[in-house]
Amino acid sequence: MKTISKGFFRFLQFSSTFALIVLFSGCNLDSRMSTFTPKGPIAQEQLNLFMLTVWVTGFIFLVVGGVFVYAIIKFRERPNDNRPLPSQGHGNPLVEIGLIGASILLLVIIAVPTLQAIWFTHDTPDDPESRMGAWYSGEELADEESENPLIIKVIGYQWWWAFEYPQLGITTANEMVIPAGKVVHLELRSVDVIHSFWLPKIAGKVDLIPGRTNSMWIQAGENFARWKEQQGLEGESESLRRDYATYLEEEIHDYYYGQCAEYCGDSHARMLFRATVIGDQEFARWVADEKAGHGTPDGKSWDAWYASYDQNPEQLTGDLNEGLKLFMGRAKCATCHKVQGNPRALGVAGPNLTNVGSRMSIAAGWLNHRAEDGTMDLEQQYENFFKWIKETDVVKPGNLMWKANGGGIGELLDAYGEPALLTDDEVHKISLYLKSLK
Ligand code: CUA
Numbered sequence: 264m265k266t267i268s269k270g271f272f273r274f275l276q277f278s279s280t281f282a283l284i285v286l287f288s289g290c291n292l293d294s295r296m297s298t299f300t301p302k303g304p305i306a307q308e309q310l311n312l313f314m315l316t317v318w319v320t321g322f323i324f325l326v327v328g329g330v331f332v333y334a335i336i337k338f339r340e341r342p343n344d345n346r347p348l349p350s351q352g353h354g355n356p357l358v359e360i361g362l363i364g365a366s367i368l369l370l371v372i373i374a375v376p377t378l379q380a381i382w383f384t385h386d387t388p389d390d391p392e393s394r395m396g397a398w399y400s401g402e403e404l405a406d407e408e409s410e411n412p413l414i415i416k417v418i419g420y421q422w423w424w425a426f427e428y429p430q431l432g433i434t435t436a437n438e439m440v441i442p443a444g445k446v447v448h449l450e451l452r453s454v455d456v457i458h459s460f461w462l463p464k465i466a467g468k469v470d471l472i473p474g475r476t477n478s479m480w481i482q483a484g485e486n487f488a489r490w491k492e493q494q495g496l497e498g499e500s501e502s503l504r505r506d507y508a509t510y511l512e513e514e515i516h517d518y519y520y521g522q523c524a525e526y527c528g529d530s531h532a533r534m535l536f537r538a539t540v541i542g543d544q545e546f547a548r549w550v551a552d553e554k555a556g557h558g559t560p561d562g563k564s565w566d567a568w569y570a571s572y573d574q575n576p577e578q579l580t581g582d583l584n585e586g587l588k589l590f591m592g593r594a595k596c597a598t599c600h601k602v603q604g605n606p607r608a609l610g611v612a613g614p615n616l617t618n619v620g621s622r623m624s625i626a627a628g629w630l631n632h633r634a635e636d637g638t639m640d641l642e643q644q645y646e647n648f649f650k651w652i653k654e655t656d657v658v659k660p661g662n663l664m665w666k667a668n669g670g671g672i673g674e675l676l677d678a679y680g681e682p683a684l685l686t687d688d689e690v691h692k693i694s695l696y697l698k699s700l701k
């Protein structure tokens with residue numbers, strides 16, 4: 264044993280310290296996707312369950328490790344050790360039954376709250392203040408809809424997300440918008456392979472499975488009743504309501520980061536999504552914006568625009584008109600993408616592009632143009648659109664937009680059936696047009 268040199272021990276010491284530093288340098292309890300700073304009841308419930316498990320397993324680790332270390336030190340061989348070998352037993356019924364009992368007890372301590380949490384996250388609560396009729400100030404809803412909470416259908420695609428709002432008749436992609444403090448019922452499904460919905464600060468993870476619909480509920484921030492309970496407050500007054508509104512505004516209104524949490528193919532790691540949590544009135548305005556959609560670049564009616572497009576397209580000039588012509592024609596964008604308002608852009612294979620110019624990221628969150636201070640970085644936004652259209656397969660390997668044209672958007676066929684790349688100038692114009700959709 265003495266042959267192991269001091270140098271070797273130094274090396275061990277150094278390398279283990281180094282490994283620990285590397286390991287923990289990734290830890291930040293308040294990072295964008297930390298589960299340690301929950302912003303809603305589901306994430307809070309999940310954190311509580313996690314901490315309970317940490318305490319129980321930590322206790323087991325200390326007891327077992329402690330006995331182990333004690334035995335190593337107490338019974339180690341000493342120089343000139345003449346003690347006889349202790350008696351060699353083959354089990355001790357008392358110890359064995361005791362350990363089995365203790366294990367069962369510890370498992371029950373974990374299992375009961377786990378089952379409670381599973382039911383808690385699955386059963387959408389009926390909170391009167393979350394019913395659509397109680398907070399949504401947009402256009403009239405059918406009676407049964409106003410009795411329900413907001414419903415969002417989350418649909419997974421390789422590799423992006425569709426968010427449908429069936430009660431409101433709108434669909435968006437990759438950035439969902441929800442009201443603060445309200446219960447939201449999610450229906451999750453997939454059109455291709457298994458994905459998993461994970462919005463760490465608010466809720467997760469539930470799989471999106473082809474051929475079946477899973478459901479869960481989420482809520483950003485607490486409702487009024489639970490917030491009062493947590494603050495140790497009681498009653499109902501205007502000033503309490505104001506304090507609650509301030510809590511939602513300062514702590515909950517935010518831009519949250521999510522991620523697909525189930526390996527789903529080449530670009531799984533690039534299947535991100537975002538959630539914007541806003542106030543009730545802002546939400547109603549957002550819905551109205553989505554429903555209104557977009558007009559033509561020069562303010563003409565769509566009928567007039569398409570009359571020119573069909574008969575004298577050269578009359579439609581300017582970068583935005585050029586971009587829209589490419590969008591509808593040569594680049595074939597409208598085959599797969601819907602733009603609300605535009606009567607001929609009705610594709611459903613790709614993300615809905617209504618108000619895509621208002622989104623803080625594109626390519627399912629992978630190309631980000633939200634500046635540190637939360638504002639839109641317009642230059643970065645342009646670069647992101649350009650990059651995505653120009654080299655979509657580099658940004659997101661294997662994606663459908665690249666495959667759609669038998670090898671890539673870069674290999675569109677021209678009128679004579681010859682491969683014809685979109686030129687940089689064309690990509691530039693389409694980028695400008697997409698940027699204008701806001
Ligand atoms: Cu979708 Cu991983």
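Counting in the working numbering, the sequence shown runs from 264 upward without gaps.
Just so it is clear, CB atoms sit at the ideal spot from N, CA and C, and this is done for glycine as well.
Whole-angstrom distance between residue j and residue i, CA atom to CA atom
i    : j    : result
L583 : Q644 : 16 angstroms
M639 : G329 : 55 angstroms
L325 : E402 : 60 angstroms
A488 : S502 : 15 angstroms
W461 : N311 : 17 angstroms
N605 : A567 : 12 angstroms
W549 : P660 : 32 angstroms
L348 : V332 : 20 angstroms
H735 : N662 : This structure does not reach residue 735, given that the chain is present from 264 up to 701, and the question cannot be answered.
I472 : A374 : 26 angstroms
F338 : S366 : 26 angstroms
L370 : E635 : 44 angstroms
L362 : I415 : 48 angstroms
C599 : P304 : 38 angstroms
S350 : E340 : 16 angstroms
Y518 : V540 : 6 angstroms
R381 : E408 : Just to set this straight, residue 381 is Ile in the shown sequence, not Arg. Each residue's Cα considered, the two are about 26 angstroms apart.
N291 : I284 : 13 angstroms
R607 : A597 : 7 angstroms
Three-state class that DSSP yields for residue i in the structure shown
i    : result
C290 : coil
G311 : Reading the sequence as shown, one finds Asn at residue 311 and not Gly. Reduced to three states, the DSSP call for N311 is helix.
Y645 : helix
T434 : strand
D470 : strand
W424 : strand
V440 : strand
W568 : helix
G670 : Residue placement at G670 is poorly supported in this model, since its pLDDT is 47, which falls under 50; the coordinates still yield a value, given next. Looking at G670 - three-state DSSP - the assignment turns out to be coil, as it is neither helix nor strand.
H458 : strand
L283 : helix
L630 : strand
Q482 : coil
S502 : helix
F299 : coil
A612 : coil
I465 : coil
E514 : helix
K595 : coil
Residue nearest to residue i in terms of C-alpha spacing, selected from the options
i    : options                : result
R394 : K337, N486, W549       : N486
A405 : L431, A374, D390, T387 : L431
E438 : V619, W665, A634       : V619
L651 : N631, D636, E635, G637 : Residue 651 is actually Trp in this sequence, not Leu. When only C-alpha atoms are compared, the closest one is N631.
T686 : D656, F649, G542       : F649
S621 : R339, Q578, I515, G556 : G556
T655 : R537, I625, W424, F546 : I625
K491 : D506, M479, W480, N477 : D506
A466 : I284, M296, V658, K269 : M296
D573 : M591, G558, Q309       : M591
T320 : K595, L535, W423, L368 : L368
P720 : V447, A612, S294       : Residue coverage of the chain in this structure runs from 264 to 701, which leaves residue 720 outside it and unanswerable.
R593 : V602, P576, A570, T298 : P576
A538 : F426, A612, D636       : F426
G562 : L579, F546, K554       : L579
D552 : A570, Q603, D543, Y569 : Q603
K701 : L641, L684, T617       : T617
K698 : L641, N355, K653       : L641
I418 : Q379, G474, W665, P391 : G474
P463 : G495, D293, E499       : D293
| query | Can at least three beta-carbon pairs, one atom from the stretch 434-446 and one from the stretch 278-289, be found at a separation below 8 angstroms? | reply | The stretch 434-446 vs the stretch 278-289: no contact.
| request: Kindly provide the chain-ordered list of residues whose Cβ lies closer than 6 angstroms to any non-hydrogen atom of ligand 1. | output: With the cut-off at 6 angstroms, the residues found are G419, W422, H458, C523, E525, Y526, C527, H531, M534.
| message | Does the structure place the stretch 688-698 close enough to the stretch 569-586 that three or more beta carbon pairs sit under 8 angstroms? | response | Under the three-pair Cβ rule at 8 angstroms, the stretch 569-586 counts as touching the stretch 688-698.
| said: Three Cβ pairs or more, each shorter than 8 angstroms: is that satisfied between the stretch 509-527 and the stretch 449-459? | reply: Segments in contact, yes.
| query | Quick check: the stretch 512-519 against the stretch 472-484, are there 3 or more CB pairs under 8 angstroms? | reply | Short answer: they touch.
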